[in-house]
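Accompanying notes for the structure given below.
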Ligand SMILES: [Zn+2]
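Below is the structure:
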């Protein structure tokens, strides 16, 4: 149906944000503002203008504030204002188009990086296989990778004989994926549960309600099952001044800023205990083996990370 002339020349739309008034980790309401600004000013405006987009989001963000807060109770940091579901859908479908994602990925993709990514996936496969051996009774490891993207980790799991499933909300990633068992929603994989392992690589920092989602996902894991969480490490980041700050706490995309401490507390609150994964070597370089071994022996005094393994109690 064609709209009347008056409605076609509508006033420019401004994005709608909702406010998160309680901590995304512990639920507390004692929040302190670490930094704040507007989307159309300063470093944030500049970085958004430099990013590749489908539809340019800048006109819709005019005058809108962002506010990065921390919980006084547990230390969790996060963005107070997040896009409402309708605008978030627009972000996925119109702003972050497949073409825009490809331009960004191309800018960071190198052969070395791809090789490194695959060796890291293999080390996870080896660790998960060993850590779940006692709870599988001879069955193949059943893994769910939530926020699996194109399914690179899943295809690696599958090559090792795992029964692997993925969930990703981005249709573009499911359609251009390298693996065929990727679904749109958690509801689509319930009949494949229970899983022996659940992985979330670079996912928690994107979620509106990470705690509630993890309750739902955790229920699909067997008791004693393994949870692998990886997020950017936002230790010491309180404001957005540099490109690196922006990549870690992008106010439209990386709306939750985890540190080793808050990530560990988050999982513990959900009924998981930290475990030390076994050491795994995927390298032809003996020096790297020595380095991995030293790292593992020194782990109690090493800098903590946001790449953590847990077991469901
Ligand atoms: Zn908290």
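In the UniProt record's numbering, the protein residues as written are 1 to 313.
Ideal placement from N, C-alpha and C gives every residue a C-beta, glycine not left out.
- For residue 142, the closest of 151, 157, 149 and 280 by C-alpha to C-alpha distance is 157.
- Here DSSP, grouped into helix, strand and coil, assigns residue 33 to strand.
- In the structure shown, residue 133 adopts helical secondary structure according to DSSP, grouped into three states.
- DSSP links residue 66 through a beta bridge to 37.
- Neighbourhood of ligand 1, defined by CB distance below 5 Å to any of its heavy atoms: 23, 25, 26, 28, 71, 73, 74 and 76, in chain order.
- Taking a C-beta distance under 8 Å as the contact criterion, residue 37 and residue 73 do not qualify as a contact pair.
- Note on the stretch 178-256: whole alpha helix (DSSP H) runs with a minimum of 4 residues are 210-218 and 243-249, in chain order.
- The DSSP-derived three-state label of residue 142 is strand.
- In this structure, the alpha-carbon of residue 238 lies about 42 Å from that of residue 134.
- Here residue 47 carries a helix assignment [DSSP, helix/strand/coil].
- Fewer than three pairs of CB atoms, one per stretch, sit closer than 8 Å, so the stretch 236-253 makes no contact with the stretch 208-216.
- By the 16-neighbour rule on beta-carbons within 10 angstroms, residue 151 is buried.
- Going by C-alpha positions, residue 16 is about 14 Å away from residue 251.
- For residue 311, the secondary structure class from DSSP, reduced to helix, strand or coil, is strand.
- Scanning 53, 145, 14 and 81 for the CA closest to the CA of residue 21 turns up 81.
- In this structure residue 96 is buried. Its beta-carbon is surrounded by 16 or more other beta-carbon atoms within 10 angstroms.
- One alpha carbon belongs to residue 48, the other to residue 69, and they sit about 21 Å apart.
- Within the DSSP bridge table, the entry for residue 79 names 68 as partners.
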